[in-house]
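Participant: Residue numbers (the numbering used here): 1346 to 1524. The beta carbon of each residue, even a glycine, is placed where N, CA and C say it ideally should be.
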Amino acid sequence: MSGRVAAPETLTPRHDLTAFRSGEPVLDDWLRMRAARNEGKATRTYVACLHEKGGQVEQSTRVVGFYSLAVGSVAHEIAPGSIRRNMPDPVPVMILARLAVDQSMQGRGIGKALVRDALLRTAQAAGIAGIRAILVHALHERAAAFYTGCGFHPSSVSPLTLLLRMEEVQQYLHPQRTG
1346 MSGRVAAPET LTPRHDLTAF RSGEPVLDDW LRMRAARNEG KATRTYVACL HEKGGQVEQS
1406 TRVVGFYSLA VGSVAHEIAP GSIRRNMPDP VPVMILARLA VDQSMQGRGI GKALVRDALL
1466 RTAQAAGIAG IRAILVHALH ERAAAFYTGC GFHPSSVSPL TLLLRMEEVQ QYLHPQRTG
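1. Taking L1372 as the reference, which of D1434, I1473, Q1448, V1438 has the closest Cα?
2. Does the separation of the CB atoms of T1493 and I1423 fall below 8 Å?
3. Assuming I1440 is part of the beta strand (DSSP E), what are its boundary residues?
4. State the Cα-Cα distance for the pair L1480 and I1440, rounded to the nearest angstrom.
5. To the nearest angstrom, report how far apart R1407 and D1374 are at their CA atoms.
6. Provide the residue span of the alpha helix (DSSP H) that contains R1510, from first to last.
7. At what residue ranges does the segment 1377-1421 contain a whole run of the alpha helix (DSSP H), taking only runs of 4 or more?
8. Pop quiz: F1497 and L1484 are said to be a contact at Cβ under 8 Å. What is the actual Cβ separation, rounded to whole angstroms?
9. Can the beta-carbon of V1438 be found closer than 8 Å to that of G1472?
10. Span of the alpha helix (DSSP H) holding V1481?
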């Protein structure tokens, strides 16, 4: 597949989800059957579409990657000390609820770009309301390894529950800044 992937945008009815296949049926089915129904209520879903190459560049509505965010909280017994310290119980977090890339586009850095976009949006939300960390429940060990590569840390309760403190989000987004 040729073309350039556009920046993620909010899921709308115009987006074509029919051909999306990530290799994880539970994520594919959720995107097609539940994402639109949950939009703006339980989750907010962002999709990346392909800009096709041709005489005129037009944005395709074909989704090649997506992620969903939801607000939530994490109990003190799940959160590492650096997250729960001086925080109420439960600790307010943003949840990276789902993330997937179409099989035809995997291995091109789209997943990491989607994580970066999710972190940017979480940082913006943290400027408005209290968010201590971003949390993800990885589907399996391979997914957990992906999130670890993005800076997330496994919780003490489960290696598939990973967190990233907002201070670390800022370091991830702005590595040249110190302090």
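Facilitator: Walking through what the data contain:
1. Here residue 1372 is taken as the residue at index 27 of the sequence shown, counted from 1. Nearest of D1434, I1473, Q1448, V1438 to L1372, Cα basis: Q1448.
2. Start at 1 with the first residue of the sequence shown, and residue 1493 comes out as number 148. Start at 1 with the first residue of the sequence shown, and residue 1423 comes out as number 78. No, they are not a contact pair.
3. Locating residue 1440 in the sequence shown gives position 95, where the first residue counts as 1. Where I1440 is concerned, the enclosing beta strand (DSSP E) stretches over 1436-1446.
4. For the purposes of this step, residue 1480 is identified with residue 135 of the sequence shown, where counting begins at 1. For the purposes of this step, residue 1440 is identified with residue 95 of the sequence shown, where counting begins at 1. So the alpha carbons of these two residues sit roughly 5 Å apart.
5. Within the sequence shown, numbered from 1, the residue matching residue 1407 stands at position 62. Within the sequence shown, numbered from 1, the residue matching residue 1374 stands at position 29. Rounded to the nearest angstrom, the two C-alpha atoms are 16 Å apart.
6. Numbered from 1 along the sequence shown, position 165 holds the residue referred to as residue 1510. R1510 -> not in any alpha helix (DSSP H); beta strand (DSSP E) instead, spanning 1506-1510.
7. 1380-1383
8. If you number the sequence shown from 1, residue 1497 lands on position 152. If you number the sequence shown from 1, residue 1484 lands on position 139. No, F1497 and L1484 are not in contact; Cβ-Cβ is about 14 Å, not under 8 Å.
9. Your numbering for residue 1438 matches position 93 in the sequence shown. Your numbering for residue 1472 matches position 127 in the sequence shown. No, the pair does not count as a contact, with Cβ atoms beyond the cut-off.
10. In the sequence shown, residue 1481 corresponds to position 136, counting from 1. Taken as a continuous stretch (DSSP letters only), V1481 belongs to no alpha helix (DSSP H), being part of the beta strand (DSSP E) at 1478-1482.
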